[in-house]
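Worksheet: the structure to be examined is printed underneath.
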Amino acid sequence: GAVVSQHPSWVICKSGTSVKIECRSLDFQATTMFWYRQFPKKSLMLMATSNEGSKATYEQGVEKDKFLINHASLTLSTLTVTSAHPEDSSFYICSATGGRLNTEAFFGQGTRLTVV
Amino acid sequence: AQSVTQLDSQVPVFEEAPVELRCNYSSSVSVYLFWYVQYPNQGLQLLLKYLSGSTLVESINGFEAEFNKSQTSFHLRKPSVHISDTAEYFCAVTQQGGKLIFGQGTELSVKP
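Read top to bottom, the protein sequences are chains S and D.
Residue 4 is where the first sequence starts when you use our numbering, and the numbers rise one by one after that.
Residue 2 is where the second sequence starts when you use our numbering, and the numbers rise one by one after that.
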């Protein structure tokens with residue numbers, strides 16, 4: 004299967020600062036990337052869908068100005084949590100699909116964000 | 002709109018016992034179906050998928066799932082579980098490639 008790399012795997016930041024999470028497709032061109040958030044003992048909640056070169060489509064209830072998503076190339080999408088607060092602490096996971104691989108999404112390893 | 006229901010939030014079983022994790026979905030159109038496994042503090046790993054063809058799909062580590070269109074189900078089964086199978090399991094559906102709708106997850110706990 005295809006490989007998606009997410010970085011960093013964990014990060015601790017101070018309240019009020021911004022944090023950037025990267026999601027890279029290593030061996031295929033990801034025309035579409037997805038960002039999910041997972042709370043402890045909970046399922047994955049889709050935050051947004053990003054297509055290369057276009058603005059991201061956010062799910063209802065997700066703050067666009069809070070969670071900035073950029074998909075500038077076919078192999079990289081970034082999620083920036085701006086002015087982070089403790090309630091933003093969570094596990095964030097990206098997935099990617101594209102080309103002949105568009106029937107399946109490939110997941111990154113996830114990023115554990117802790118805001119103190 | 003699509004939705005996925007995993008009927009059991011927790012399933013405790015003894016090692017070498019059989020297990021079934023239930024998944025039902027609702028959709029007005031044809032869908033693709035997936036089972037993912039998640040170990041603590043890790044991302045999701047694809048366990049198996051149904052895209053088309055045979056309704057019984059198998060994974061390399063002994064799991065299998067059967068797509069039942071009339072019952073809108075995609076239950077996951079394993080005839081004999083191991084301690085290492087302890088993890089969270091997610092059922093998911095997608096109509097178009099990539100955008101997945103997940104069930105609530107089932108925590109499988111295998112005891113010696």
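For every residue, glycine included, the Cβ atom is placed at its ideal position computed from N, Cα and C.
{"Query": "Residue interval of the beta strand (DSSP E) (run including Pro13 of chain D)", "Result": "Gln11 to Phe15"}
{"Query": "Alpha-carbon to alpha-carbon, Met50 of chain S and Asp68 of chain S", "Result": "13 Å"}
{"Query": "Beta strand (DSSP E) runs wholly inside the region 42 to 66 of chain S, at least 3 long, in chain order", "Result": "47 to 54"}
{"Query": "Chain S residues whose Cβ lies nearer than 7 Å to that of Leu52 of chain D", "Result": "Thr106"}
{"Query": "Classification of Val70 of chain D by the beta-carbon crowding that lies within 10 angstroms, buried from 16 upward", "Result": "Checking the displayed sequence, the identity of residue 70 of chain D turns out to be Lys instead of Val. Flag for Lys70 of chain D reads exposed."}
{"Query": "Beta-carbon proximity check, Gln41 of chain S vs Gly111 of chain S, cutoff 9 Å", "Result": "no"}
{"Query": "Where Ser80 of chain S falls, given that 16 or more other Cβ within 10 Å makes a residue buried", "Result": "buried"}
{"Query": "Lys58 of chain S, buried or exposed, once every other Cβ within 10 Å from all chains shown has been counted against 16", "Result": "exposed"}
{"Query": "Best match in S:Ser76, S:Glu90, S:Thr34 and S:Tyr95 for proximity to Thr83 of chain S [C-alpha to C-alpha]", "Result": "S:Tyr95"}
{"Query": "Neighbourhood of Met1 of chain S by C-beta distance below 8 Å, restricted to the same chain and skipping five residues each side", "Result": "Residue 1 of chain S cannot be examined here, being either before or after the span of chain S that is shown, 4 to 119."}
{"Query": "Between the CA atoms of Ser18 of chain S and Ser29 of chain D - distance to the nearest angstrom", "Result": "44 Å"}
{"Query": "Three-state secondary structure (DSSP) of Glu67 of chain D", "Result": "strand"}
{"Query": "Chain-ordered neighbours of Arg27 of chain S on chain D, where CB pairs are closer than 9 Å", "Result": "Those within 9 Å of Arg27 of chain S in chain D number zero; the least Cβ separation is about 13 Å."}
{"Query": "Length of the line joining the Cα atoms of Lys23 of chain S and Cys97 of chain S", "Result": "13 Å"}
{"Query": "Beta-bridge partners of Ala93 of chain D, as assigned by DSSP", "Result": "D:Phe35 and D:Phe103"}
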